[in-house]
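According to my numbering, the sequence shown is numbered sequentially starting from 4.
Heads up, the beta-carbon is just placed ideally off N, CA and C, and yes, glycines get one too.
Down below is the structure, laid out as structure tokens.
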Amino acid sequence: MKIIKYFIEFLFIVILFIIFKLLGLKLASKFGSFIGGLLGPFFRSKEKIILNIKKALPDIGEKNIDIISKKMWKNYGRILSEYIYIKKFRNSKNKKTISVEGQEILDEIKNTKEPVVFISGHFNNFELMAMQIEKSGINLAAIYRPLNNIFLNKIMERLRIKYICKKQIKKGRSGTRDLVESFKKKYSIALMIDQRVSEGIKCSLFGQPALTTTIPAQLFKKFGCKIVPVYIERINDIFFKITVSKPIIYSKETSIEEITLDLNKWLERKILNNPTQWIWSHDRWK
Numbered sequence: 004m005k006i007i008k009y010f011i012e013f014l015f016i017v018i019l020f021i022i023f024k025l026l027g028l029k030l031a032s033k034f035g036s037f038i039g040g041l042l043g044p045f046f047r048s049k050e051k052i053i054l055n056i057k058k059a060l061p062d063i064g065e066k067n068i069d070i071i072s073k074k075m076w077k078n079y080g081r082i083l084s085e086y087i088y089i090k091k092f093r094n095s096k097n098k099k100t101i102s103v104e105g106q107e108i109l110d111e112i113k114n115t116k117e118p119v120v121f122i123s124g125h126f127n128n129f130e131l132m133a134m135q136i137e138k139s140g141i142n143l144a145a146i147y148r149p150l151n152n153i154f155l156n157k158i159m160e161r162l163r164i165k166y167i168c169k170k171q172i173k174k175g176r177s178g179t180r181d182l183v184e185s186f187k188k189k190y191s192i193a194l195m196i197d198q199r200v201s202e203g204i205k206c207s208l209f210g211q212p213a214l215t216t217t218i219p220a221q222l223f224k225k226f227g228c229k230i231v232p233v234y235i236e237r238i239n240d241i242f243f244k245i246t247v248s249k250p251i252i253y254s255k256e257t258s259i260e261e262i263t264l265d266l267n268k269w270l271e272r273k274i275l276n277n278p279t280q281w282i283w284s285h286d287r288w289k
């Protein structure tokens, strides 16, 4: 039955992609926002999202919870529409769609050829961050989680490899080995630190214990590498601002637990910066 369900979802997304392509980027983004706001709540548990928001922002109030949830789904819809235009984003040579604050940091990483660990979360169109880093001339390997839907996953993997980041590493224990080998070959690593991982450690996120990846901390302890936070926000319909922060350098004595907590604190600050631009549907505190 799952195969049938996945195939129906696949056909629905393909039809949407065709419509998005016919509309052009600007109209597709608006239509995606409408579709996301209308249909999004049927794909993920509304109760789960509300519970997650309450855990992170206990004093925010029911009205604001509803606003955050609705805007999140609209943003989800925009992201979906933008996948069909990822080639356009990749090949764009002007600043009409993406501006980068901290480009000089990326240039320095490129010139020194010393690999770093880029960390971020599922903010807005998160795919554009890895795309922009690789576009800057940095050898990059991005960690990703394959979609459950095997039909959609084939499309997404093809798009990611062709236009976002050529070297993709599957999340998991086997992927960790590939990651270390890639790092040794001077590939910088890009990963999201806001997903629940069974092989992680319980670390505070908004005062609640959350299973959190220790990969950035482990790579620092092993190689002494810099950790570079990256954030993306949607300024308007199809214009994004990517902020590359100064590299974080920890002391050798800093523990894996301390580094992981510090990175979660960075994540908290960015979520609070604009709660509507983070994806609240993950089982973060399960």
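Delimiting residues of the beta strand (DSSP E) encompassing residue i
i: THR246; result: 242 to 247
i: ILE108; result: Note, ILE108: premise wrong, no beta strand (DSSP E); alpha helix (DSSP H) at 106 to 115.
Residue environment, residue i, which counts as buried when at least 16 other CB atoms sit within 10 Å
i: ASN78; result: buried
i: THR115; result: exposed
i: VAL233; result: buried
i: GLY140; result: exposed
i: ILE238; result: exposed
i: GLN106; result: exposed
i: LEU83; result: buried
i: ARG163; result: buried
i: SER201; result: exposed
i: PHE23; result: buried
i: ILE282; result: buried
i: PHE45; result: exposed
i: GLU85; result: buried
Under 8 Å between C-beta atoms of residue i and residue j
i: PRO219; j: LEU270; result: no
i: ILE71; j: ILE56; result: yes
i: ILE230; j: VAL103; result: no
i: ALA213; j: ARG287; result: yes
i: ALA144; j: ILE108; result: no
i: PHE37; j: LEU26; result: no
i: TYR166; j: ILE89; result: yes
i: LYS138; j: ARG93; result: yes
Residue span of the alpha helix (DSSP H) that contains residue i, given as start and end
i: ASN94; result: 89 to 94
i: ILE262; result: 259 to 276
For residue j and residue i, believed in contact at Cβ under 8 Å, the rounded distance
i: SER284; j: ILE52; result: 6 Å
i: ASN128; j: PHE243; result: 6 Å
i: HIS125; j: ASP197; result: 6 Å
i: THR217; j: ILE259; result: 5 Å
i: MET195; j: SER123; result: 6 Å
i: TYR190; j: PRO278; result: Their Cβ separation, rounded to whole angstroms, is 33 Å, which puts TYR190 and PRO278 out of contact at 8 Å.
i: LEU131; j: ILE101; result: 6 Å
i: GLN211; j: LYS58; result: 5 Å
i: LEU264; j: CYS206; result: 5 Å
i: LYS188; j: ARG148; result: At roughly 23 Å, the Cβ-Cβ gap does not stay under 8 Å, so LYS188 and ARG148 are not in contact.
i: ILE11; j: LEU155; result: ILE11 to LEU155, Cβ: 11 Å. No contact.
i: ARG180; j: LYS289; result: That pair is no contact at about 26 Å.
Problem - Length at least 4, wholly inside the stretch 118 to 183: the alpha helix (DSSP H) runs in chain order - result: 130 to 138, 153 to 162
Practice task
Could I get the ranges of all uninterrupted beta strand (DSSP E) runs contained in the stretch 178 to 245, with 3 residues as the minimum, in chain order?
Solution key: 191 to 195, 204 to 208, 211 to 215, 230 to 239
Exercise for the section: Enumerate, from N- to C-terminal direction, the unbroken alpha helix (DSSP H) stretches of 4 or more residues contained entirely within the stretch 13 to 71. Expected result: 28 to 46, 49 to 59
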